[in-house]
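My numbering numbers the first residue of the sequence shown as 778 and each following residue consecutively. No residue lacks a Cβ here, since even glycine has one placed at the ideal position from N, Cα and C. Structure record follows, encoded as structure tokens.
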Amino acid sequence: MISISVRDRKLLWSNSGNRCAICNTELIDKYNNIIGEEAHIISSKPNGPRGDTPIAQSEIDSYKNLILLCPTHHAEIDKNVDYWTVEKLKETKKIHEEKVKIVLDNTNIRHNMFEKEDLEKLKYFLDSFNNLFTYIIDSWSEIAHRMPSDVLNELDFITEASCYNGFRAYNIEINKYQDIIFNNCRYLNEETIGTYIYDGANDGIVFDFDRNRNAYIGDVKNNIEPYLRNIIEAYFKLKEILEYN
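This is the structure we're talking about:
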């Protein structure tokens, strides 16, 4: 049973950037579930993975003998001990933590790049189209079938250049991701325009059923999927900028 001190656990997770040292996968999912595993480099048991390597009992659960991994790579290093030697794991951990430090150092430098006005505009931009972004993230697989009217209104509004320009920040990096969202929302709007009718309750849209329903919706999904992915990726980049500044 692993008995890691609070200090060593904090060191392990912070120095690893909450990511797997092998594949760099984030180890806290979108529901805030912790999926990372604190793996021993040298097993506490003599017959365990790399357990034949000498180590003081006091160091078994120490930071220096631990590596943060995703479940897949934890299983891999323990099954393939000839490849994942003590030396290779220590070097992998060292390289990963050095990369994390470089990223964090660069992030700290970038903090000074964002003016207060830029961040205020960014927050206003994200808040104003919250329904649209939330719907795309949570329900994008169903977007070709139905879109609530309030979300449709936000999509229409964000694609009007004169309105969109009022949300643009001055910062180049923020602009880049805002433009990705704007352009892909426009493509999304153009792809679906004229292909929907309001339903009786006027609380959403359903697509025209003149063609075979399943085939039609399938075509729309295939066409709009790249736009939705681009919007989602840019959205989370902007959320990250706002969160860390």
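Using a Cβ-Cβ cutoff of less than 8 Å, which residues in the same chain neighbour residue i once the five nearest sequence positions on both sides are dropped?
| i | result |
| --- | --- |
| ASP980 | Because the pLDDT at ASP980 is just 45, under 50, the model does not fix this residue reliably, and the value given afterwards should be weighed accordingly. Once the five neighbours on either side are set aside, the close Cβ partners of ASP980 are PRO925 and SER926. |
| ASN952 | ARG945 and ALA946 |
| LEU1019 | LEU896, LEU899, LYS900 and LEU903 |
| ASN966 | LEU932, ASP933 and THR936 |
| VAL880 | GLY794 |
| ASP785 | ASP838, SER839, TYR840 and LEU843 |
| SER916 | none |
Can you tell me whether residue i is buried or exposed? The criterion is at least 16 other CB atoms within 10 Å of its CB, across all chains shown.
| i | result |
| --- | --- |
| TYR860 | exposed |
| GLU769 | The requested residue 769 is not part of the displayed model; the chain covers only 778 to 1022. |
| ASP895 | buried |
| ASN842 | buried |
| GLU836 | exposed |
| SER820 | buried |
| GLN955 | buried |
| ALA833 | exposed |
| TYR1004 | buried |
| ALA852 | exposed |
Closer than 8 Å, CB to CB, is residue i near chain B or not?
| i | result |
| --- | --- |
| LYS878 | Among the protein chains of the structure shown there is no chain B, as only one such chain exists. |
Which residues does DSSP list as the beta-bridge partners of residue i?
| i | result |
| --- | --- |
| ALA816 | ILE844 |
| ARG796 | GLU803 |
| PRO811 | Here the sequence assigns Ile to residue 811, which means Pro is not the residue at that position. Answer is ILE805, bridged to ILE811. |
Less than 8 Å between the CB atoms is what I'm expecting for residue i and residue j, so what's the real figure, rounded?
| i | j | result |
| --- | --- | --- |
| GLU814 | LEU866 | The Cβ separation is near 14 Å, so there is no contact. |
| LEU1015 | LEU899 | 6 Å |
| ILE844 | LYS871 | Not confirmed; about 10 Å, so no contact. |
| ILE805 | ILE799 | Not quite, the Cβ-Cβ distance comes to about 17 Å (not below 8 Å), so this is no contact. |
| VAL863 | ILE818 | 6 Å |
| GLU874 | ASN792 | 5 Å |
| GLU968 | ASN1000 | 5 Å |
Ordered along the chain, which non-local residues of its own chain (more than five positions away) have a Cβ less than 7 Å from that of residue i?
| i | result |
| --- | --- |
| ASN1007 | ILE957 and ASN961 |
| THR802 | ARG796 and CYS847 |
| PRO823 | ASP829 |
| VAL858 | PRO826 and ARG827 |
| ILE1009 | ILE913 and ILE914 |
| ILE886 | In this predicted model, ILE886 has a pLDDT of only 48, less than 50, meaning its place in the structure is not dependable enough to derive any value. |
| TYR964 | TYR1004 |
By Cβ distance below 6 Å, which residues in the same chain neighbour residue i in space, the five residues on each side in sequence not counted?
| i | result |
| --- | --- |
| ILE854 | TRP861 |
| PHE910 | TYR1012 |
| SER788 | It should be pointed out that residue 788 corresponds to Leu in this sequence rather than to Ser. Closer than 6 Å at Cβ, skipping near neighbours: TYR840. |
| GLU1017 | none |
| ALA816 | ILE844, LEU846 and HIS851 |
Considering only heavy atoms of the ligand FAD, does any lie closer than 7 Å to the CB of residue i?
| i | result |
| --- | --- |
| ASN907 | Absence of the ligand FAD is noted for the structure shown, with no ligands found whatsoever. |
Output the residue ranges of the alpha helix (DSSP H) runs that lie fully inside the stretch 821-881 and measure 4 residues or longer, sorted by chain position. 848-856
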